[in-house]
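For the sequence shown, the residue numbers in the working numbering are 1 to 434. We put the CB at the ideal spot given by N, CA and C, even for glycine. Take a look at the structure below.
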Amino acid sequence: MASDGSHSFWPIPADAPAKDDLSRCVHCGLCVNACPTYAITGLETESPRGRIYLARAVDEGHIPLTAAVQGHWDLCLQCRACEAVCPSGVPYGRLMEHVRAQVAAKPPTGGKMRRLRRFGLRNVVARPRVLAAAVWPVRLWAAFPLRGLLRRSGLLRKLGRLGVIESQLPARLGRPFRPGDATPAANPGSAPIVLFTGCIMGEVFGDVHRATARVLTRAGFAVEATVGQGCCGALSAHDGDLEFARGLARDNIDALERTSPATIVNNSAGCGTALKEYGDLLAGDPGYADRARQFSARVKDFSEVVAAAGIPAGRFAKRVTYQDPCHLAHAQRVRNQPRALLGALAGISVVETPGGDMCCGAAGLYSLVQPAMSASLRTRKAEQFKKFAPEVIVTANPGCQMQYEAAVCEAGIQARVMHLAEVLDEATGGGRTD
Ligand code: SF4
Ligand code: SF4
């Protein structure tokens with residue numbers, strides 16, 4: 001039974017995709033060519049319009065939720081490129097999260113893998129101490145003196161998927177950066193900012209957080225990584241575990257409410273989108289709906305804050321390409337600020353590659369669960385990198401950074417993969433990163 005009392009064909013009627021969202025699609029097809037999975041397969045069922053059509057057919061009871069239907073939804077990257085170009089304002093991201101929640105409740109296929117994934121997201125990724133322990137062997141491997149030699153020899157590429165995962169690891173893993181860690185001293189009277197540290201971002205990309213804090217301090221802010229915050233819940237929501245994602249959202253609201261009205265700054269596009277959409281996620285929770293909306297209104301991407309505040313003049317004499325993280329460009333519609341910040345650096349040459357805003361295939365856990373499609377999208381990026389030969393590939397999301405590390409290996413080029421914050425930090429004075 002659906003919440004309005006009508007019969008529902010979904011396994012969890014309370015979390016069913018909203019009929020209003022489904023009916024907004026007028027099948028115009030303007031989204032089709034923006035879709036990465038359609039670009040690779042050319043199949044209507046792997047396009048946004050096709051996936052919405054299937055969801056509507058299940059919603060209206062015309063077709064059952066079969067393994068084939070699930071497969072078309074599973075292949076979606078949730079990159080939201082379709083949402084950004086849709087003239088009818090179909091909230092595709094929200095729609096797909098609710099569709100995934102239904103699949104997760106009663107998966108026609110792949111139930112075991114799904115349960116394993118859910119276990120990992122709930123019990124490893126969302127638990128800081130367990131995550132730190134899980135990352136520890138990766139950290140040891142990243143520091144292994146012969147790793148570079150093994151990589152160059154091509155031996156690691158022979159390990160199949162394991163080799164691909166290895167090639168996604170950054171050249172070095174800096175120290176983690178966690179809530180409560182020290183931030184640079186700020187001038188008295190500086191406006192306070194809360195740095196959102198996240199889960200994997202803080203464990204694997206601690207150097208990016210440190211660079212972010214330095215740049216924000218140079219931009220005139222007092223940065224604090226407030227204790228009590230944790231995983232944003234984006235990976236769980238994308239995987240259809242909405243209830244768990246809601247719990248994480250409530251925890252973050254409880255932890256960061258007392259820092260109001262300070263801006264909450266994040267430097268991971270996926271987390272940023274989730275935080276900006278807590279209002280949506282908790283809309284049905286009377287105790288949190290208003291608080292979630294207020295929380296979301298305080299969230300900004302790093303580039304939005306720095307572009308508005310300004311930073312000291314910097315120099316970065318490199319040939320650079322900026323690759324939009326999907327959730328920054330399509331979900332948050334932040335495209336100009338990173339480019340403006342890069343373009344203002346002396347000596348820089350910024351090249352735009354065709355498809356620079358098309359998904360790289362990282363998409364949260366996508367590269368693990370849909371390795372073939374993820375590899376096709378990575379190869380498209382690798383081909384562009386080979387052609388345009390950038391010295392530095394800049395992005396603003398941990399998953400994208402890892403996918404570009406692998407694309408650089410695949411292209412066989414010498415290029416650094418950097419977060420925008422690292423570029424701006426290096427350009428304006430740098431600092432200790434270890
Ligand atoms: S652009 Fe929007 S309305 Fe048109 S087919 Fe795509 S989702 Fe539907
Ligand atoms: S979210 Fe991305 S992959 Fe999924 S339908 Fe939209 S454009 Fe295609």
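Rounded Cβ spacing between residue i and residue j (contact assumed at less than 8 Å)
| i | j | result |
| --- | --- | --- |
| I253 | V194 | About 12 Å separates the two Cβ atoms, so there is no contact after all. |
| Q168 | M402 | 4 Å |
| G174 | G206 | 5 Å |
| V223 | A186 | 7 Å |
| L159 | Y366 | With 8 Å as the limit, L159 and Y366 do not qualify as a contact, their Cβ atoms being about 20 Å apart. |
| G343 | D301 | Actually they are not in contact, since the Cβ atoms of G343 and D301 sit about 17 Å apart, beyond 8 Å. |
Close Cβ partners of residue i (< 6 Å) along its chain, the five nearest in sequence each way excluded
| i | result |
| --- | --- |
| T66 | P108 |
| L156 | L150, G163, E166 |
| I40 | S376 |
| K318 | E391, V392 |
| W10 | A16, Q102 |
| Y404 | I393, V417 |
| A346 | R315 |
| A245 | G233, S236, A237 |
| T337 | This sequence places Gln at residue 337; Thr is not what is there. Closer than 6 Å at Cβ, skipping near neighbours: S303, E304, A307. |
Terminal residues of the alpha helix (DSSP H) in which residue i lies
| i | result |
| --- | --- |
| Y38 | 36-41 |
| F119 | 111-120 |
| F221 | Looking at the DSSP string, F221 is not in any alpha helix (DSSP H); the run it does join, the beta strand (DSSP E), is 221-224. |
| I435 | What is shown of the chain runs 1 to 434, which leaves residue 435 out entirely. |
| I52 | 48-59 |
| T273 | 269-276 |
| I12 | No alpha helix (DSSP H) contains I12, which DSSP labels as neither H nor E. |
| V334 | No alpha helix (DSSP H) holds V334; DSSP gives it neither H nor E. |
| I165 | 161-168 |
| S153 | 147-153 |
Start and end residues, beta strand (DSSP E) containing residue i
| i | result |
| --- | --- |
| H419 | 416-419 |
| Y322 | 319-322 |
| V369 | V369 -> not in any beta strand (DSSP E); alpha helix (DSSP H) instead, spanning 366-369. |
| K300 | 299-301 |
| P192 | 191-195 |
| N33 | Here N33 belongs to no beta strand (DSSP E), and DSSP marks it neither H nor E. |
| I253 | Not the beta strand (DSSP E): I253 falls in the alpha helix (DSSP H), residues 242-256. |
| V392 | 392-395 |
| V265 | 263-266 |
| S349 | 349-351 |
Cβ-based burial, residue i [other Cβ within 10 Å; buried from 16]
| i | result |
| --- | --- |
| E243 | exposed |
| Q414 | exposed |
| H72 | buried |
| W141 | exposed |
| A225 | buried |
| F196 | buried |
| R210 | buried |
| D434 | Summary for D434: the model assigns pLDDT 38, below 50, so the residue's position carries little reliability; its value from the coordinates is reported in the next sentence. So D434 ends up on the exposed side. |
| D324 | buried |
| R315 | exposed |
| M113 | exposed |
| V320 | buried |
| A14 | exposed |
| S47 | buried |
| P188 | exposed |
| H27 | exposed |
| K387 | exposed |
| S349 | exposed |
| F221 | buried |
| G279 | buried |
| E277 | buried |
| S153 | exposed |
Test: residue i CB closer than 8 Å to a CB of chain D
| i | result |
| --- | --- |
| L169 | No chain D appears in the structure shown, which is made up of a single protein chain. |
Cβ-heavy atom distance, residue i to ligand 2, below 7 Å
| i | result |
| --- | --- |
| L77 | yes |
| Y92 | yes |
| A126 | no |
| R80 | yes |
| T321 | no |
| C37 | Contrary to the premise, residue 37 reads as Thr rather than Cys in this sequence. Yes - ligand 2 has a heavy atom lying nearer than 7 Å to the Cβ of T37. |
| A101 | no |
Close Cβ partners of residue i (< 8 Å) along its chain, the five nearest in sequence each way excluded
| i | result |
| --- | --- |
| V227 | P179, G180, A255 |
| R283 | According to the sequence shown, residue 283 is Ala rather than Arg. Contacts found: A289, A292. |
Near ligand 1: residue i beta-carbon under 7 Å from a heavy atom
| i | result |
| --- | --- |
| L30 | yes |
| V204 | no |
| S367 | no |
| H72 | no |
| H27 | yes |
| R49 | yes |
| P87 | yes |
| I52 | yes |
Close-in-space but distant-in-sequence residues of the same chain around residue i (CB under 7 Å, 5 per side omitted)
| i | result |
| --- | --- |
| S23 | none |
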